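So the structure is just underneath, and the comments pick up after that.
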Amino acid sequence: MTMGQDPGMLTARDGYLLDKVLREWPPLTEEWQALLQRKLSSGRLAADAPTPPDLAAIDARVSFRCASGLTDTRTLCLPGTYTPGGAFLSITTFYGLALLGLREGETISFDRPEGRSDWLVLEKVHFQPAAAISSQPSARAPFRLIAGGLTDRAFTAANENGPGDGPGPSAA
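As structure tokens, this is what we get:
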């Protein structure tokens with residue numbers, strides 16, 4: 003990281019969602035708007051790039067510490083799933099927005115509406131669903147279509163008692 007550059011790297015999905023928040027949400031405060039603009043100016047992963055497992059993204063479970071000494075573990079979420087004091091932290095809150103795009107060990111500082119400066123550090127990403135999905139090998143073999151592959155096969159209809167002429171379905 004070069005001097006003066008904000009830490010952080012947004013996934014393509016998170017960047018898209020923050021762009022949408024910028025267009026569709028009224029700015030909560032000038033300070034929040036400034037933090038949103040900073041996040042949108044940070045780097046972005048390519049859409050097909052694997053998500054690093056230590057990156058704080060939407061739906062990731064993270065532990066963080068802030069200037070007040072508070073340490074907490076929350077799942078970053080979209081505004082509709084957020085309830086204050088719950089296990090989730092909306093990206094429309096100062097801490098949720100500040101955490102988005104950080105990697106483990108990175109710190110970010112920002113101004114608060116009360117006229118004070120605040121900071122937080124991302125201590126640990128416990129679960130990053132996008133990284134978990136991209137790191138798993140495919141459980142299925144690739145599907146391949148073969149033209150006329152079933153033309154030489156003969157199928158016989160079966161009832162619940164097996165193939166051929168049987169007594170048919172049992173009466174209730």
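Quick note: the sequence shown uses the working numbering, first residue 3, plus one each step. A virtual CB, placed ideally from N, CA and C, is assigned to each residue, including glycine. None of the values given here were measured: they were computed from a predicted structure.
Kindly identify the DSSP beta-bridge partner or partners of residue i.
{"i": "G45", "result": "M11"}
{"i": "T57", "result": "It should be pointed out that residue 57 corresponds to Leu in this sequence rather than to Thr. DSSP, once it has assigned bridges, lists R105 as partnering L57."}
How would you write the range of the beta strand (DSSP E) that residue i sits in, first residue to last?
{"i": "D120", "result": "119–129"}
Out of the options, state which residue places its alpha-carbon closest to the alpha-carbon of residue i.
{"i": "K22", "options": "P81, A51, G87, F129", "result": "P81"}
{"i": "G88", "options": "T94, F96, T77", "result": "T77"}
{"i": "L12", "options": "S111, E26, R114, L99", "result": "L99"}
{"i": "L42", "options": "P28, E106, P9", "result": "P9"}
{"i": "R63", "options": "P54, F90, L47, L37", "result": "F90"}
{"i": "D1", "options": "L38, R15, L24, A132", "result": "Here the chain has residues from 3 to 174 only, and residue 1 is not among them."}
{"i": "W34", "options": "V123, P52, T95, T53", "result": "T95"}
Exposed or buried, which one is residue i when buried takes at least 16 other CB atoms within 10 Å?
{"i": "L101", "result": "buried"}
{"i": "Q130", "result": "buried"}
{"i": "K126", "result": "exposed"}
{"i": "L72", "result": "exposed"}
{"i": "S92", "result": "buried"}
{"i": "A174", "result": "Low local confidence applies: a pLDDT of 48 at A174 is under 50, so the model's placement there is unreliable, and no value is given."}
{"i": "D50", "result": "exposed"}
{"i": "M5", "result": "Low confidence applies to M5: its pLDDT is 41, below 50, so where it sits in the model is not reliable, and the reading given next is rough at best. With fewer than 16 other Cβ atoms within 10 Å, it is exposed."}
{"i": "E18", "result": "At residue 18 the sequence reads Tyr, which differs from the Glu that was named. Its Cβ having fewer than 16 others within 10 Å, Y18 is exposed."}
- request: Could you pull out every unbroken beta strand (DSSP E) segment of at least 3 residues lying fully inside the region 64–115, listed in chain order?
  value: 73–79, 90–92, 109–113
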